[in-house]
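A.B. asks: Protein chains in written order, with this note's numbering: chain A, 1 to 202; chain B, 203 to 404. C-beta atoms are modelled at their ideal positions from N, C-alpha and C, and glycine is treated no differently. One structure follows; several queries about it will come next.
Protein chains: 2
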Amino acid sequence: MTAAPKSAPKARANQKRRTRKDLLQAAARLMKEGRTPSLEEIAGEALVSRATAYRYFPNVEALLIEAPLDLALPDEEAMFRGAPAADPVARMERVDRAFHDMILDNETPLRLMLAKTMERRAAGDDGLPARQNRRTPMIEAALAPAKAEFSRASLDRLQKALALVIGTEAMIVFKDVLQLDEKEAREVKRWAIRALIEAARK
Amino acid sequence: MTAAPKSAPKARANQKRRTRKDLLQAAARLMKEGRTPSLEEIAGEALVSRATAYRYFPNVEALLIEAPLDLALPDEEAMFRGAPAADPVARMERVDRAFHDMILDNETPLRLMLAKTMERRAAGDDGLPARQNRRTPMIEAALAPAKAEFSRASLDRLQKALALVIGTEAMIVFKDVLQLDEKEAREVKRWAIRALIEAARK
DNA sequence: CATTTAATGAGACTTTTGTCTCATTTCAAT
DNA sequence: ATTGAAATGAGACAAAAGTCTCATTAAATG
Chain A
1 MTAAPKSAPK
11 ARANQKRRTR
21 KDLLQAAARL
31 MKEGRTPSLE
41 EIAGEALVSR
51 ATAYRYFPNV
61 EALLIEAPLD
71 LALPDEEAMF
81 RGAPAADPVA
91 RMERVDRAFH
101 DMILDNETPL
111 RLMLAKTMER
121 RAAGDDGLPA
131 RQNRRTPMIE
141 AALAPAKAEF
151 SRASLDRLQK
161 ALALVIGTEA
171 MIVFKDVLQL
181 DEKEAREVKR
191 WAIRALIEAA
201 RK
Chain B
203 MTAAPKSAPK
213 ARANQKRRTR
223 KDLLQAAARL
233 MKEGRTPSLE
243 EIAGEALVSR
253 ATAYRYFPNV
263 EALLIEAPLD
273 LALPDEEAMF
283 RGAPAADPVA
293 RMERVDRAFH
303 DMILDNETPL
313 RLMLAKTMER
323 RAAGDDGLPA
333 RQNRRTPMIE
343 AALAPAKAEF
353 SRASLDRLQK
363 ALALVIGTEA
373 MIVFKDVLQL
383 DEKEAREVKR
393 WAIRALIEAA
403 RK
């Protein structure tokens, strides 16, 4: 998925990695300000020429999609520290809170990324990488200590259903479609998480 | 939200409505072919000049967002005909199937619409109309005959949670994030619907 | 240090978006 | 039927995306 001046794959690898990184960081920096930066701006911010930017990314969207947003989630250890291993509901609520907070902090760039990805896929671009999936590992980690409570099949189903509740898309539904406020959105999610987990228990 | 050549609001109302409608229909026609039509194409297809198109819509996106996709859902009567009024699960499953089918039939334009909306909102455009919400009324209709089984608060919560499972966003999650196939996506949704409804019952 | 060659920069060119102006057409009211 | 206002069309213009080409710069290697 990574473009770069085509030549011997490993020639001047460092130089190439640096340029690429500079571009992505510049894009991320500009995105945080809420605007959709033009490629000219990004190139300028990265102290690189427009032509060079196009040598690394086929178009602005690819750049914006890959821009390394600072999507800070606690790692698993911190996420569950002090949480009762036996209580999957409590653990999933932590996951939800972490994602919810992170999403609020990055709403604009996340929307932008989602928009760009949608556009590419709508245009039939199947070549683009699968969307990064950070929620599934976290959901699995939350449920792992309690996996004896579920059958294999129902654990699997539960994890997939929870993925509906956890990510950016749920935020979109609550905010854009239902127009709920912050507080109610969190309540509904908490209730749904509990309901799904209880239902999956045998 | 509707633009038109600014003048006396009702002057030449018919002419204006016709032009506007022609533009939206042309856009919809082109969108169905999967591409993102340029405004030039749309104007051409609508037999209207570029300048006129811009007199009705501030930009291409607004046009694409409003384009009247043929989002055909059965009306409530047809949706629930022959369904046991007493069984909210069965009724919700019908709603889910209707939406799921409709979404599959219109995946490309729906993605496009979602993308355009995201972009506008990411850019801080709060002026654009709230997203059309077709799912809530259907969900309400599905649950209405059984509303005695739920408390007011839990019915409300349930309806909102179900909105996470029903619309386009769930399709995005299943397809792009989890990469489930058609069949499994439907299974998970059916299970989740049942689980949520059961949990909401007292 | 010199040479090679890959990466970069500069800039021309095309397409599309979006804005504006001015001439024409056409509706509708008298 | 005429006329005055409103909608439209034609086209110029600027900004941005994207594609190319060619000249420069700079990294690696002997």
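Are the C-beta atoms of A:Ala122 and some chain B residue less than 8 Å apart?
C.D. replies: What you label residue 122 of chain A is simply residue 122 of the first sequence in a count that begins at 1. By this cut-off, A:Ala122 is an interface position.
A.B. asks: Can you pull the chain A neighbours of B:Asp378, defined as C-beta to C-beta under 8 Å?
C.D. replies: Counted from its first residue, the second sequence places residue 378 of chain B at position 176. Per Cβ cutoff of 8 Å: Thr117, Arg121, Ala130 and Arg131.
A.B. asks: Closest by CA to A:Asp176, which one among B:Asp307, B:Pro311 and B:Glu371?
C.D. replies: For the purposes of this step, residue 176 of chain A is taken as the residue at position 176 of the first sequence. The shortest C-alpha separation from A:Asp176 is found at B:Glu371.
A.B. asks: Take the Cβ of A:Leu63 as the centre, count every other Cβ of all protein chains shown within 10 Å, and call the residue buried at 16 or more, exposed below.
C.D. replies: Here the question's residue 63 of chain A lines up with position 63 in the first sequence. Buried, because 16 or more other Cβ atoms sit within 10 Å of the Cβ of A:Leu63.
A.B. asks: Spatial neighbours of B:Glu243 within its chain, please: C-beta separation below 7 Å, excluding the five flanking residues on both sides.
C.D. replies: Residue numbering aside, residue 243 of chain B sits at position 41 when the second sequence is read from its first letter. Excluding positions up to five away in sequence, the list reads Leu232.
A.B. asks: Does B:Leu382 have its Cβ less than 8 Å from a Cβ in chain A?
C.D. replies: What you label residue 382 of chain B is simply residue 180 of the second sequence in a count that begins at 1. At least one chain A Cβ lies under 8 Å of B:Leu382.
A.B. asks: Strictly below 7 Å CB to CB, what residues from chain B border A:Ala163?
C.D. replies: Residue numbering aside, residue 163 of chain A sits at position 163 when the first sequence is read from its first letter. By Cβ distance, chain B contributes Val375, Val379 and Leu380.
A.B. asks: For the segment 91-99 of chain A against the segment 50-62 of chain A, do three or more pairs of beta-carbon atoms, one drawn from each stretch, fall closer than 8 Å, so that the two count as touching?
C.D. replies: No: the two stretches stay apart, fewer than three of their Cβ pairs being nearer than 8 Å.
A.B. asks: Using a Cβ cut-off of 8 Å (strictly closer), state whether A:Lys183 contacts chain B.
C.D. replies: As a working note, residue 183 of chain A is residue 183 in the first sequence. So, not an interface residue.
A.B. asks: By a C-beta neighbour count over all protein chains shown, 10 Å radius and 16 as the cutoff for buried, is A:Arg152 buried or exposed?
C.D. replies: To locate residue 152 of chain A, count along the first sequence from 1; it is residue 152. Its Cβ having fewer than 16 others within 10 Å, A:Arg152 is exposed.
A.B. asks: Reducing DSSP to helix, strand and coil, say where B:Met203 ends up.
C.D. replies: One-based indexing of the second sequence puts residue 203 of chain B at position 1. With a pLDDT of 49 at B:Met203, under the threshold of 50, the modelled position of that residue is not reliable, and the figure given next carries that caveat. Correct three-state label for B:Met203: coil.
A.B. asks: From the beta carbon of B:Ala394, is the nearest beta carbon of chain A less than 8 Å away?
C.D. replies: For the purposes of this step, residue 394 of chain B is taken as the residue at position 192 of the second sequence. So yes, B:Ala394 belongs to the interface.
A.B. asks: Just curious, the alpha helix (DSSP H) that B:Ala274 is in, first and last residue?
C.D. replies: Start at 1 with the first residue of the second sequence, and residue 274 of chain B comes out as number 72. Unbroken run through B:Ala274: none, as it is neither H nor E.
A.B. asks: Between the segment 139-154 of chain A and the segment 357-375 of chain B, do three or more beta carbon pairs fall short of 8 Å?
C.D. replies: No, the segment 139-154 of chain A is not in contact with the segment 357-375 of chain B.
A.B. asks: Please confirm whether B:Gly236 has its beta-carbon closer than 8 Å to some beta-carbon of chain A.
C.D. replies: Here residue 236 of chain B corresponds to residue number 34 of the second sequence, with the count starting at 1. It does; some Cβ of chain A falls within 8 Å.
A.B. asks: Got a sec, what are the start and stop residues for the alpha helix (DSSP H) A:Val188 sits in?
C.D. replies: Taking the first residue of the first sequence as 1, we reach residue 188 of chain A at position 188. Per DSSP, A:Val188 belongs to the alpha helix (DSSP H) from Glu182 to Ala200.
A.B. asks: Only counting the same chain, and skipping five residues up and downstream in sequence, which positions put a Cβ closer than 6 Å to that of A:Ala192?
C.D. replies: Here the question's residue 192 of chain A lines up with position 192 in the first sequence. Excluding positions up to five away in sequence, the list reads Val165.
A.B. asks: Do you know offhand how far A:Asn59's Cα is from B:Ala397's?
C.D. replies: One-based indexing of the first sequence puts residue 59 of chain A at position 59. One-based indexing of the second sequence puts residue 397 of chain B at position 195. C-alpha separation (whole angstroms): 44 Å.
A.B. asks: Whole angstroms are fine: how far does the CA of A:Met79 sit from the CA of A:Glu66?
C.D. replies: As a working note, residue 66 of chain A is residue 66 in the first sequence. As a working note, residue 79 of chain A is residue 79 in the first sequence. Distance between the alpha carbons of A:Glu66 and A:Met79: 25 Å.
A.B. asks: Just the C-alpha distance for B:Val390 and A:Phe174, rounded to the nearest angstrom, thanks.
C.D. replies: Looking up residue 390 of chain B in the second sequence gives position 188. Looking up residue 174 of chain A in the first sequence gives position 174. Cα to Cα, B:Val390 sits roughly 21 Å from A:Phe174.
A.B. asks: Should A:Met128 and A:Arg120 be called a contact, given that it needs their Cβ atoms to be closer than 8 Å?
C.D. replies: Sequence index remark: in the first sequence, residue 128 of chain A carries index 128 (1-based). Sequence index remark: in the first sequence, residue 120 of chain A carries index 120 (1-based). Contrary to the premise, residue 128 of chain A reads as Leu rather than Met in this sequence. Contact: yes.
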